[in-house]
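Asker: Okay, handing you the structure first.
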Amino acid sequence: MTADAAPAALAATSTAAGDGATDAAGEILLFLFTRKDGLSDEQFRDHYLGVHAPMSVAHSTATGRYVVRLVEGGHGALPLPVDAITEIHTASVDAFVDPDQGWDSAENWKAVIDDAASFLVGFHMYRVSREVLVPTAGPAGPTTVRERTPGVVIARIFLDGAEAEEAADEAGGPDAIPGTVRYRVLGTLSPGAPPVHAVDLVTLPDATAARYRSHAYVLGEYVQQP
């Protein structure tokens, strides 16, 4: 990704955001990130968690809940080369992508975007709704900000087009696992982004848990801002 690619992706949202999906906290953005060639898993993780995420939290005035989920493995053929699935809640997508409204200065906004361009080659942004398909059996476990959340997150990405696979509510599939959350894409906000129509996430005790489909990503979760 060139130094201008990430700003272009964000700038495009100012005209695409429109009537954003809202929950109690406002709108939700889902990002699919791919690291640059030559970066190891460890280098990518260390830079994202140690440099980029703290910089974003420090300078964004429009970011609410911010969760980074880093791919740690997968099962079966995976539909996209993805290294991170990041979720950001914001009161306004328009403000979030505007350096004058959603950041403490235009200079710091540019610094964050330039940093993204330094280690990401894929920068795909979607406006989504969030639906709990199956309620959790009990209260969510505690999380520590910037530490890895216990367990693993299993993710499935559903595409449109020739490779489409419908995100169906199957009683015997992962939708039956308590805590399964579906993010339905309401708008694709970056040029050239893959045609995703839904992403399912569910937290399990470990990666060997029996009840999940193939073609799934295994991720570690790091809450940057609750």
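Numbering of the sequence shown is given in numbering that gives the first Met the number 0, commencing with residue 0 and proceeding in unit increments.
The beta carbon of each residue, even a glycine, is placed where N, CA and C say it ideally should be.
1) Going straight from the alpha carbon of P78 to that of V131, what length do you get?
2) Considering only the alpha carbon of each residue, which of R183, L28, Y47, R147 lies closest to T202?
3) Run through DSSP, which three-state label would R129 get?
4) Taking its Cβ as the centre, do 16 or more other Cβ atoms sit within 10 Å of P173, making it buried, or is it exposed?
5) Determine the closest residue to H46 out of F118, S59, D82, A154, with distance taken between C-alpha atoms.
6) Note down the Cα distance separating N107 from S91, rounded to an integer number of angstroms.
7) Taking the continuous beta strand (DSSP E) assigned at Q224, which residues delimit it?
8) Going by other Cβ atoms of all chains shown within 10 Å of its Cβ, with 16 needed for buried, is Q42 buried or exposed?
9) How many angstroms separate the CA atom of D205 from the CA atom of V151?
10) Can you say whether T60 is buried or exposed, counting buried as having 16 or more other CB atoms within 10 angstroms of its CB?
11) Which residues does DSSP pair with H51 in a beta bridge?
12) Threshold first: 4 residues or longer. Then list the alpha helix (DSSP H) segments lying entirely within the segment 29-95, N to C.
13) Kindly indicate which three-state DSSP category D199 falls into: helix, strand or coil?
14) Counting along the chain, where does the beta strand (DSSP E) carrying T112 start and finish?
15) Under the rule that 16 or more other beta-carbon atoms within 10 Å means buried, what is S104, buried or exposed?
16) Can you give the Cα-Cα distance for E220 and D99, rounded to whole angstroms?
17) Out of I27, G25, L31, A139, which has the shortest C-alpha to C-alpha gap to A154?
18) Would V127 and V67 qualify as a contact pair, given that the criterion is a beta-carbon distance under 8 Å?
Answerer: The short version:
1) Distance between the alpha carbons of P78 and V131: 23 Å.
2) For T202, the nearest C-alpha among the options comes from R147.
3) Here R129 sits in strand by DSSP.
4) At P173, the pLDDT of 49 sits below 50, so the modelled position is not reliable; the number obtained from the coordinates is stated separately. By the 10 Å Cβ count, P173 comes out buried.
5) Proximity to H46 across F118, S59, D82, A154 peaks at F118, based on C-alpha coordinates.
6) Note on geometry: alpha-carbon atoms of N107 and S91 lie some 19 Å from one another.
7) Per DSSP, Q224 is one residue of the beta strand (DSSP E) stretching across 215-224.
8) Flag for Q42 reads exposed.
9) In this structure, the straight-line span from the alpha carbon of D205 to that of V151 is close to 5 Å.
10) The residue is exposed, with fewer than 16 neighbouring Cβ atoms inside 10 Å.
11) Paired residue(s): none; H51 is not in a bridge.
12) Fully enclosed alpha helix (DSSP H) runs of 4 or longer: 40-46, 52-58, 92-95.
13) Looking at D199 - three-state DSSP - the assignment turns out to be strand.
14) This sequence places Ile at residue 112; Thr is not what is there. Premise fails: I112 lies in the alpha helix (DSSP H), 105-118, not in any beta strand (DSSP E).
15) Burial check for S104: the Cβ neighbour count within 10 Å stays below 16, so the residue is exposed.
16) In a straight line, the C-alpha of E220 is about 30 Å away from that of D99.
17) Of the candidates I27, G25, L31, A139, the one whose C-alpha sits nearest the C-alpha of A154 is L31.
18) Taking 8 Å as the Cβ cut-off, V127 and V67 do not qualify as a contacting pair.
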